[in-house]
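Chains as they are written, first to last, in this note's numbering: chain A, 1 to 278; chain B, 1001 to 1154. Every residue, glycine too, gets a C-beta built ideally from N, C-alpha and C. All values reported here derive from a predicted model rather than from experimental measurement.
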């Protein structure tokens, strides 16, 4: 442990120069472009804060618990500055490298015994950084999930997400049955009673879009159903009128239904990926 | 480089065994819950692929480019499987740790000179993994952008 102590003492007493070297490096590294325009004076305190916390995280009996809080805050601060995760992680990796560059420069591990101590220090530092990378990635995913949920506010209301078989699942089916029968009635009224195929078809997009949002690819069936019904109704009641318009409408039902279904699937899939680990 | 070669040979010759050990760890590690129900037959080949690739990645004269290609593919595969980013990364960290646990078990770095060689190997392995972390998170971000048609801040 004395070798590790040597390293920790070096970091503690030289936090400022190590942080300054790191700040200079991170401002020009091609893998950290988001840091290039942050003034050095703003970056140095970030490094100093990390190096100041190093001792505590290094010597704790529970490295995972101790580092979790610190690195979650690190993630929050970097996320708030709009720094992408890959860059936030790489800048942390550079912080670790600068410890080693500085330690090497100061040649604190020279003798054979010290070489053994160097291995111990290296292993313990790596363990700490393994946790850091996990906690930072997880916190970033949580923060992104929060911002996605905020951005998707209205869409989420429309999605009425809940486990299958629960009340909102039943509501969805009931609402959809009503909407589809409403669409059938409307089509019949316009085609059979009024003999027209005007603007009413726009209203049919309501059940089409909702079905695709709720049931994704399976929801396309509603679009197909309404498209087929529209064409059959035309054949039955609008014999003298041109068929092309309604064919185009039916195709558009399918196109819109499919696009919305894929978008809805994308949202669900991305949500799964951003799910917290526990 | 002699010590590194020793490590590489060990990893290559014992790829299956190390991968099997890794699969046992990853299915019960609290940081990798996604893997908990995955059968060993699906996990072991994943580990073997990585350990077999280890030599090439380790000795590559251009480690950045080599890492980019391999770890971007690793990210793509995990993304398609629906593995959360932090777990995909941690599973890889566990792969790395397993190399060291195995090497320690085999006591390949016992003498004083070998300790110095151990530092060299650790440093080189870490360099590879530093790039790995960067390229995996970058690739996940790109894939998520594609899915969202816009750039969420990953």
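Cβ of residue i within 8 angstroms of any chain B Cβ
i	result
residue 84(A)	yes
residue 102(A)	no
residue 259(A)	no
residue 90(A)	yes
residue 134(A)	yes
residue 56(A)	no
residue 141(A)	yes
residue 7(A)	no
residue 198(A)	no
residue 137(A)	yes
residue 25(A)	no
Other residues of its chain near residue i: CB distance less than 7 angstroms, five sequence neighbours each side excluded
i	result
residue 1133(B)	1089
residue 1123(B)	none
Any C-beta of chain A under 8 angstroms from that of residue i
i	result
residue 1084(B)	yes
residue 1024(B)	no
residue 1073(B)	no
residue 941(B)	Residue 941(B) lies beyond the range of chain B shown here (1001 to 1154); nothing can be said about it.
residue 1154(B)	Note that residue 1154(B) has pLDDT 45, beneath the 50 cutoff, so the model's placement of it is unreliable and no number is given.
residue 1040(B)	no
residue 1031(B)	yes
residue 1090(B)	yes
Extent of the continuous alpha helix (DSSP H) to which residue i belongs
i	result
residue 41(A)	40-59
residue 242(A)	Looking at the DSSP string, residue 242(A) is not in any alpha helix (DSSP H), and its letter there is neither H nor E.
residue 1026(B)	1015-1026
residue 158(A)	153-159
residue 1054(B)	1040-1059
residue 1080(B)	1063-1081
residue 20(A)	15-26
Beta-carbon proximity list for residue i, same chain, < 6 angstroms, skipping 5 on both sides
i	result
residue 20(A)	44
residue 1008(B)	1055 and 1058
residue 68(A)	135
residue 70(A)	53
For residue j and residue i, believed in contact at Cβ under 8 angstroms, the rounded distance
i	j	result
residue 64(A)	residue 92(A)	Not quite, the Cβ-Cβ distance comes to about 16 angstroms (not below 8 angstroms), so this is no contact.
residue 141(A)	residue 1084(B)	7 angstroms
residue 1141(B)	residue 152(A)	That pair is no contact at about 19 angstroms.
residue 58(A)	residue 123(A)	About 12 angstroms; that fails the 8 angstroms criterion.
Sub-8 angstroms separation of residue i and residue j beta-carbons
i	j	result
residue 246(A)	residue 230(A)	yes
residue 83(A)	residue 137(A)	no
residue 1025(B)	residue 1074(B)	no
residue 1197(B)	residue 1036(B)	Residue coverage of chain B in this structure runs from 1001 to 1154, which leaves residue 1197(B) outside it and unanswerable.
residue 257(A)	residue 208(A)	yes
residue 161(A)	residue 217(A)	no
Same chain, Cβ closer than 8 angstroms to residue i, neighbours up to 5 away in sequence not counted
i	result
residue 32(A)	26, 87, 90, 91 and 94
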